[in-house]
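Below is one structure, written out as structure tokens; the observations come after it.
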Amino acid sequence: MLRLLLLSLVLLLASLLMPASLAAQPTALNATLDGYEYPYPVRYLPLRLEGQPVRMAYMDVPAAGRANGRTVLLLHGKNFFGAYWRGTIRALTAAGFRVVVPDQLGFGKSDKPALHYSFHQLARNTRRLLDTLGVPQAVVVGHSMGGMLATRFAIDYPEATERLVLENPIGLEDYRRGVPFQSVDQAEATERRVTEESMRQYHASYYPGGYPPAHDEWLRPLAAQTRHPDFPKVARASALTYDMIYQQPVCYEFDRVRMPTLLIIGQQDRTVVGKGLVKDPKVLASLGQYPALGRRTAAAIKGSRLVALEKVGHIPHLEAPEQFHAALLVFLR
């Protein structure tokens with residue numbers, strides 16, 4: 331009896347110390363993360379694409395203090411969803427900004443339709459969202475894949491882009507020049523074999539100092555989807571968006587970016603999309619060199635600023651939030 335009581339106390343203590351979103355998380359989550367709570371209320375924008383009715387999820391968070399009348403749009407990476415911007419939302423709303431955080435179609439709480447994914451279409455969906463919310467212009471911040479989308483958005487809709495911020499964006503190089511092609515079906519087969527442990531091993535590469543246990547808060551919802559009957563739909567969408575990244579580089583168009591731009595680059599990042607397909611060590615070593623890629627991109631975007639974060643990897647806003655938010659807010663002011 332005493333042993334059972336002690337075990338109960340240990341489990342209770344563990345649940346109290348665990349983040350609320352982790353403690354309440356189901357062991358299996360469907361394609362739209364139903365049952366997983368985001369840090370702010372989630373709303374939905376109805377769209378119709380390729381004859382399919384779909385919904386795009388988003389958070390629209392008002393300024394927490396004195397509003398400055400400006401809006402920041404936060405665009406997530408491929409292996410993430412809008413909720414991981416929680417700390418950045420807090421920093422920005424405290425500084426007087428309204429913050430809009432969409433889950434792109436194929437990600438997070440948005441639908442996972444089987445359609446032709448393109449950065450042009452995602453940018454158009456995002457512009458539709460801003461128009462619906464009555465936001466004529468926003469500061470556009472993109473991390474990882476969100477950096478590719480932010481670049482496309484800024485090029486296609488310069489009048490709607492007040493400023494551009496790229497946080498360790500992928501696509502600073504053309505992966506087709508070093509990563510072998512794979513079909514969508516091959517990519518889907520790989521996605522279907524993903525497990526929580528294989529996800530954790532991959533996400534560990536984002537952190538040069540070792541995988542922090544706190545990152546599980548953003549990994550476990552994705553892992554929970556692998557245990558749900560909806561997972562084939564999630565895997566297909568992931569394969570289609572991988573193909574989008576591979577087939578639609580933006581690195582040749584940085585000279586078309588005209589608005590004030592900030593690049594925040596963790597210098598230890600070595601992310602390469604499709605890294606596992608590269609068999610030649612010399613080719614792999616030539617890819618994902620973010621210090622050089624950051625400098626090259628800053629030179630291509632006229633008048634841009636580059637903030638290099640030493641000993642930081644792929645996700646500065648999670649790994650080094652104080653440095654990231656300080657650089658972001660200085661640029662915005």
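Residue 353 in my numbering sits at position 23 of the sequence shown, with consecutive numbering throughout.
Yeah, the Cβ is synthetic: ideal placement off N, Cα and C, and Gly gets one too.
Distance, residue j Cα to residue i Cα
i, j, result
"Pro621", "Thr556", "34 Å"
"Thr520", "Arg550", "19 Å"
"Arg416", "Gln577", "31 Å"
"Gly395", "Ile500", "33 Å"
"Ile645", "Asn409", "11 Å"
"Ala453", "Glu489", "13 Å"
"Ser351", "Val429", "With a pLDDT of 45 at Ser351, under the threshold of 50, the modelled position of this residue cannot be trusted; read the value that follows with caution. Their backbone Cα atoms lie some 21 Å apart in a straight line."
"Ala393", "Val564", "33 Å"
"Ala664", "Leu659", "A question about residue 664 goes unanswered here, because the residues of the chain that appear run from 331 up to 663."
"Asp585", "Thr491", "16 Å"
"Thr627", "Gln512", "27 Å"
"Thr423", "Ala629", "31 Å"
"Ala353", "Asp364", "Because the pLDDT at Ala353 is just 47, under 50, the model does not fix this residue reliably, and the point stays unresolved."
"Glu367", "Met389", "12 Å"
"Asp599", "Glu503", "14 Å"
"Asp461", "Lys609", "45 Å"
"Leu405", "Leu459", "13 Å"
"Leu623", "Thr601", "11 Å"
"Val514", "Tyr505", "16 Å"
"Arg625", "His545", "29 Å"
"Val384", "Leu375", "8 Å"
"Tyr532", "Ser474", "15 Å"
"Glu649", "Ser535", "12 Å"
"Ile485", "Val587", "6 Å"
"Gly633", "Met589", "9 Å"
"Phe661", "Val372", "28 Å"
"Glu583", "Arg420", "32 Å"
"Val676", "Gln451", "This structure gives no information on residue 676, because the portion of the chain shown stretches from 331 to 663."
"Val524", "Thr357", "16 Å"
"Glu640", "Gln434", "30 Å"
"Glu526", "Leu607", "21 Å"
"Pro543", "Leu552", "15 Å"
Which listed residue (the options) has its alpha carbon closest to that of residue i
i, options, result
"Thr401", "Val471, Gly438 and Val602", "Val471"
"Asn455", "Ala480, Leu552 and Tyr537", "Ala480"
"Val613", "Met589, Glu640, Val514 and Pro510", "Pro510"
"Gln516", "Leu570, Ala628, Arg378 and Leu662", "Leu570"
"Gly438", "Arg457, Gly412, Ala397 and Ala425", "Gly412"
"Leu379", "Tyr370, Gly436 and Ala425", "Gly436"
"Pro466", "Tyr487, Met478 and His446", "Tyr487"
"Asn398", "Thr418, Val372 and Gly426", "Gly426"
"Leu377", "Tyr414, Pro371 and Asp441", "Asp441"
"Gly596", "Ala361, Gln653 and Leu607", "Gln653"
"Leu617", "Ser568, Arg482, Arg507 and Val469", "Arg507"
"Pro651", "Thr418, Tyr572 and Leu403", "Thr418"
"Tyr572", "Leu607, Thr357, Pro356 and Val603", "Val603"
"Ile631", "Arg663, Gln619, Cys581 and Pro611", "Cys581"
Whole-angstrom C-beta distance between residue j and residue i, which should lie under 8 Å
i, j, result
"Gly407", "Gly476", "5 Å"
"Met386", "Pro432", "6 Å"
"Ile594", "Ala656", "Actually they are not in contact, since the Cβ atoms of Ile594 and Ala656 sit about 10 Å apart, beyond 8 Å."
"Pro538", "Gly643", "5 Å"
"Ala638", "Leu359", "Actually they do not touch by this definition, with Cβ atoms about 37 Å apart."
"His647", "Glu497", "6 Å"
"Met574", "Phe449", "7 Å"
"Leu463", "Gln382", "Contact doesn't hold; Cβ gap of about 23 Å is too wide."
"Thr591", "Leu494", "4 Å"
"Tyr414", "Val391", "Their Cβ separation, rounded to whole angstroms, is 14 Å, which puts Tyr414 and Val391 out of contact at 8 Å."
"Pro562", "Arg522", "7 Å"
"Glu518", "Arg457", "About 29 Å separates the two Cβ atoms, so there is no contact after all."
Element boundaries [alpha helix (DSSP H), containing residue i]
i, result
"Glu367", "No alpha helix (DSSP H) contains Glu367, which DSSP labels as neither H nor E."
"Gln382", "Run containing Gln382: none in the alpha helix (DSSP H); it sits in the beta strand (DSSP E), Gln382 to Val391."
"Val613", "Pro611 to Ser616"
"Pro551", "Asp546 to Gln555"
"Pro646", "Pro646 to Glu649"
"Arg522", "Val514 to Arg522"
"Pro376", "Not the alpha helix (DSSP H): Pro376 falls in the beta strand (DSSP E), residues Arg373 to Leu379."
"Arg588", "Looking at the DSSP string, Arg588 is not in any alpha helix (DSSP H), and its letter there is neither H nor E."
"Ile419", "Arg416 to Ala424"
"Gly624", "Tyr620 to Ala630"
"Arg454", "Phe449 to Thr462"
Beta strand (DSSP E) segment containing residue i, residue limits
i, result
"Gly472", "Ala468 to His473"
"Val430", "Arg428 to Pro432"
"Thr491", "Thr491 to Glu497"
"Pro543", "Segment: none, Pro543 is in no beta strand (DSSP E) and carries neither H nor E."
"Pro579", "Unbroken run through Pro579: none, as it is neither H nor E."
DSSP bridge partner residues for residue i (one or two, in chain order)
i, result
"Ala638", "Ile595"
"Tyr487", "Bridge partners of Tyr487: none, in fact."
"Leu405", "Gly472"
"Tyr532", "Tyr532 pairs with nothing; no bridge assigned."
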